[in-house]
Amino acid sequence: MTALEAEVHARLEGLEADAFLARLDVVRADLVEALTVVYGDSAELLDALIADALDAAAARSVDLRRIDRRREVDPTWFLSQDLVGYVCYADRFAGDLGGVAKHVDYLAELGVGYLHLMPLLRPREGENDGGYAVADYDAVDPRLGTVADLEALAATLHERGISLCVDLVLNHTAQEHEWAQRALAGDPTYRDFYRFFPDRTEPDEYERTLHEVFPDMAPGSFTQLPGTGEWVWTTFHEFQWDLNWANPEVFRAMLGVLLRLANRGVDVVRLDAAPFLWKRKGTNCLNQPEAHRILQAIKALTRLAAPGLVLKAEAIVGPDQLVPYLGGHEHHRPECDLAYDNQLMVMLWNTLATRDARLARQALGRRTPPPAGTGWVTYVRCHDDIGWAVDDGDAWAVGLDPAAHRRFLVDFYAGSHPGSFARGARFGDNPETGDARTSGAAASLAGLDHALDSEEPDQVDAALRRLETLHAVVFSYGGIPLIYMGDELAQRNDDEWAADPAHSDDNRWLHRPRMDWAAAARRVRSDTVEGRAFAAMSRLVGARQASPSLRSDGSVTVLEVEPTSVLAYVRRHPRAEPLLVLANFSDRPAAVADEVLRRAGISAPVHVHSSVGTFEHVGASVHLPAWGFVWVRQSA
Ligand code: OTU
Numbered sequence: 006m007t008a009l010e011a012e013v014h015a016r017l018e019g020l021e022a023d024a025f026l027a028r029l030d031v032v033r034a035d036l037v038e039a040l041t042v043v044y045g046d047s048a049e050l051l052d053a054l055i056a057d058a059l060d061a062a063a064a065r066s067v068d069l070r071r072i073d074r075r076r077e078v079d080p081t082w083f084l085s086q087d088l089v090g091y092v093c094y095a096d097r098f099a100g101d102l103g104g105v106a107k108h109v110d111y112l113a114e115l116g117v118g119y120l121h122l123m124p125l126l127r128p129r130e131g132e133n134d135g136g137y138a139v140a141d142y143d144a145v146d147p148r149l150g151t152v153a154d155l156e157a158l159a160a161t162l163h164e165r166g167i168s169l170c171v172d173l174v175l176n177h178t179a180q181e182h183e184w185a186q187r188a189l190a191g192d193p194t195y196r197d198f199y200r201f202f203p204d205r206t207e208p209d210e211y212e213r214t215l216h217e218v219f220p221d222m223a224p225g226s227f228t229q230l231p232g233t234g235e236w237v238w239t240t241f242h243e244f245q246w247d248l249n250w251a252n253p254e255v256f257r258a259m260l261g262v263l264l265r266l267a268n269r270g271v272d273v274v275r276l277d278a279a280p281f282l283w284k285r286k287g288t289n290c291l292n293q294p295e296a297h298r299i300l301q302a303i304k305a306l307t308r309l310a311a312p313g314l315v316l317k318a319e320a321i322v323g324p325d326q327l328v329p330y331l332g333g334h335e336h337h338r339p340e341c342d343l344a345y346d347n348q349l350m351v352m353l354w355n356t357l358a359t360r361d362a363r364l365a366r367q368a369l370g371r372r373t374p375p376p377a378g379t380g381w382v383t384y385v386r387c388h389d390d391i392g393w394a395v396d397d398g399d400a401w402a403v404g405l406d407p408a409a410h411r412r413f414l415v416d417f418y419a420g421s422h423p424g425s426f427a428r429g430a431r432f433g434d435n436p437e438t439g440d441a442r443t444s445g446a447a448a449s450l451a452g453l454d455h456a457l458d459s460e461e462p463d464q465v466d467a468a469l470r471r472l473e474t475l476h477a478v479v480f481s482y483g484g485i486p487l488i489y490m491g492d493e494l495a496q497r498n499d500d501e502w503a504a505d506p507a508h509s510d511d512n513r514w515l516h517r518p519r520m521d522w523a524a525a526a527r528r529v530r531s532d533t534v535e536g537r538a539f540a541a542m543s544r545l546v547g548a549r550q551a552s553p554s555l556r557s558d559g560s561v562t563v564l565e566v567e568p569t570s571v572l573a574y575v576r577r578h579p580r581a582e583p584l585l586v587l588a589n590f591s592d593r594p595a596a597v598a599d600e601v602l603r604r605a606g607i608s609a610p611v612h613v614h615s616s617v618g619t620f621e622h623v624g625a626s627v628h629l630p631a632w633g634f635v636w637v638r639q640s641a
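For reference, each letter of the sequence shown is one residue, going 6 to 641 in the working numbering.
Have a look at this one:
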């Protein structure tokens, strides 16, 4: 027996020790390779990290180990078609963590099996970027509760079969974090946790190729410190200091944070701003190979300590840069398990505005699927702005001038384009590049405010149909669909968003409203907007859960059809019948030639779900209503 084996057996009981050592055998090579690329060949670092993982494994509760066992038996549990997610701010949803626990019935009623609570660790006081400026990773925001409340909530959710996703901000801490404060005080250990520069020489060199995340709210990527005049790297706001991941002590400290979070009962960790971890002069400092290696090392160590934990990359990057976050490199290297499908979201809003699915077909049709065992999370809206990441090549391929088209989308969703039904706002205007992004709640972007003001029932129908069809794609394209709080009730923009001085310069709060529980109470009434939206969402959840072809580890193939307003794709899974989705992004009905069924491998069509409740197959055509969709599968 080696010293390590003896140590593992001393710390863990019989089978647990064997399991830990077996996992170490499986992950060791990946771990060593990743660490060596980033930090050089250091047996000392490797030993220290394995010891940290062992500590965490020993501290893991029996209940969580049970969950680990189940997930080791079924490692694709999170790819099941059963899983539907919900995303909310604990305070905006229910006051605090205890309040969330009291509203579990609401989530269960909706069929939710995955709850993402927006940042809940203790942020800095005042402006904190929606919680993405963390002052203490080992404390919960006192307004939301305590660490014990978090553990209790995780346990409550687990009892109801709901897994919990929590954010971990890896790229930066708040300047109020103890590490930053010690660095400010001159402690050399902690100065090395961040990136300081004596003058503008290096910042200027870097900024030549960096892009600005918040060009208007927080220009530049460096901030000058008042006392010494030094500059510190701040990609986002001036109060968010980028960590120096080139320092192995930063890796170790953040690993500790992650493992403690896992041991509190968190099932899925959303790794915020993952692309930004590594900086290299002459590049945009995104997606660097070392950033991937860091994530691979984190994956190996979490597999060791908390094998049931799922890692979700928040990497809002182009599709070619995205698949590597799921381990898709020249060889597969385990990295994150889930990643946000930002492109699908952008393409949906694009199609809604243009009523033309050709750009979506072009962009989605040429994508690389996620590697085996991994998947996307899909979404219509989230807490962030929509960045119009339309690839230039894709735009030209369908005859669009990319820059002009992006400007059109910004104007359309700001409601300033003639004939637009949307009520959003411009976000992140960059006068230098002419770029801008979009804020706004899904229902408002889909035209509900406009429709209610017009007092035309047809317009309200159209807006609700748009909202439903967007979700019908997100629920069927491939990946865990995430419902963004309030969208199940067609909740609109928060017009009071600027009233809070801590938010008043950030119009992303337009689409971060408080849950309107009075509106939620109307969900049982079919004559209300809320009742119609909630019923539509519930039907989608049910239809998805009954459709094994929609498992996230199935495949998707985009089909060319006429008219161009229709987005068509077929979902296949080896254990199920093929399922065809047709979604009509037009205010006119559409007739699609029924040979599309044959192309989808469907000879005996069965209606699964649709906006009107029937599969209208008349003559040689499939009929779709305006802004409507149908899911149809091959008979078993
Ligand atoms: C994330 O977003 C969060 O989602 C934002 O709410 C935070 O403000 C930000 O990090 C800082 O913590 O650039 O425009 O490729 O797109 O990390 C939002 C990833 C962002 C980035 C993403 C970031």
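All C-beta atoms, glycine included, are put in the ideal place defined by N, C-alpha and C.
Just so you know, these numbers come straight off a predicted model, no measurement behind them.
Residue from the options with nearest C-alpha to residue i
| i | options | result |
| --- | --- | --- |
| residue 536 | 404, 250, 493, 103 | 493 |
| residue 652 | 377, 88, 352 | It is not possible to answer for residue 652, since the shown part of the chain is limited to 6 through 641. |
| residue 257 | 52, 426, 237, 219 | 52 |
| residue 321 | 329, 402, 548 | 329 |
| residue 549 | 476, 30, 54 | 476 |
| residue 634 | 15, 584, 303 | 584 |
| residue 574 | 592, 554, 593, 105 | 554 |
| residue 426 | 456, 529, 139 | 456 |
| residue 168 | 88, 202, 176, 242 | 88 |
| residue 538 | 447, 483, 596 | 447 |
| residue 518 | 589, 30, 94 | 94 |
| residue 431 | 530, 437, 421 | 421 |
| residue 356 | 632, 423, 612 | 632 |
| residue 119 | 398, 324, 382, 593 | 382 |
| residue 161 | 112, 203, 125 | 112 |
| residue 31 | 350, 307, 50 | 307 |
Alpha-carbon spacing of residue i relative to residue j, whole angstroms
| i | j | result |
| --- | --- | --- |
| residue 108 | residue 100 | 11 Å |
| residue 222 | residue 319 | 21 Å |
| residue 170 | residue 598 | 43 Å |
| residue 568 | residue 123 | 40 Å |
| residue 48 | residue 261 | 19 Å |
| residue 521 | residue 527 | 10 Å |
| residue 615 | residue 636 | 6 Å |
| residue 303 | residue 556 | 27 Å |
| residue 289 | residue 297 | 15 Å |
| residue 177 | residue 45 | 23 Å |
| residue 29 | residue 309 | 6 Å |
| residue 428 | residue 589 | 22 Å |
In DSSP terms, what residue i is bridged to
| i | result |
| --- | --- |
| residue 424 | Note: residue 424 sits in no beta bridge, so no partner. |
| residue 1 | Only positions 6 to 641 of the chain appear in the structure, and residue 1 is not among them; the question remains open. |
| residue 177 | 247 |
| residue 1 | Limits of the chain in this structure are 6 at one end and 641 at the other, which puts residue 1 out of reach. |
| residue 141 | 127 |
| residue 337 | 333 |
| residue 589 | 571 |
| residue 561 | 576 |
| residue 598 | 626 |
| residue 321 | Paired residue(s): none; residue 321 is not in a bridge. |
| residue 349 | In the DSSP output, where bridge partners are listed per residue, residue 349 has none listed. |
| residue 381 | 344 |
Inter-residue CB distance, residue i and residue j (contact presumed, cutoff 8 Å)
| i | j | result |
| --- | --- | --- |
| residue 441 | residue 415 | 5 Å |
| residue 83 | residue 271 | Incorrect: roughly 14 Å between the Cβ atoms, too far for contact. |
| residue 134 | residue 199 | In fact, because the Cβ distance is near 17 Å, the residues do not count as touching under 8 Å. |
| residue 17 | residue 58 | Contact doesn't hold; Cβ gap of about 11 Å is too wide. |
| residue 387 | residue 482 | With a Cβ gap of about 16 Å, residue 387 and residue 482 do not count as contacting. |
Minimum Cβ-Cβ distance from residue i to chain C less than 8 Å
| i | result |
| --- | --- |
| residue 69 | Note that chain C does not occur in the displayed structure, where there is just one protein chain. |
Near ligand 2: residue i beta-carbon under 7 Å from a heavy atom
| i | result |
| --- | --- |
| residue 241 | Although ligand 2 was asked about, the structure shown includes only ligand 1 as ligands. |
Item to check | At least 3 beta-carbon pairs within less than 8 Å: the segment 189 to 199 vs the segment 137 to 155 | outcome: no
Item to check | Stretch pair the segment 126 to 139 + the segment 176 to 190: three plus CB contacts closer than 8 Å | outcome: yes
Checklist entry - For the segment 503 to 511 against the segment 374 to 393, are there 3 or more C-beta pairs whose distance is under 8 Å? => result no
Item to check | the segment 69 to 84 touching the segment 470 to 480, judged by at least three CB pairs closer than 8 Å | outcome: no
Checklist entry - Are the segment 356 to 363 and the segment 454 to 466 in contact at 8 Å, needing three or more beta carbon pairs? => result no
Next on the checklist: Assess contact between the segment 209 to 222 and the segment 244 to 258, defined as three or more Cβ pairs (one per stretch) separated by less than 8 Å. Is contact present?
Outcome noted: no
Next on the checklist: Taking 8 Å as the cut-off, does the segment 495 to 509 touch the segment 574 to 581 (at least 3 CB pairs, one atom from each stretch)?
Outcome noted: no
Item to check | Cβ contact check for the segment 433 to 452 and the segment 391 to 411: 3 or more pairs under 8 Å | outcome: yes
Checklist entry - Below 8 Å, can you find three or more Cβ-Cβ pairs linking the segment 268 to 282 to the segment 196 to 210? => result no
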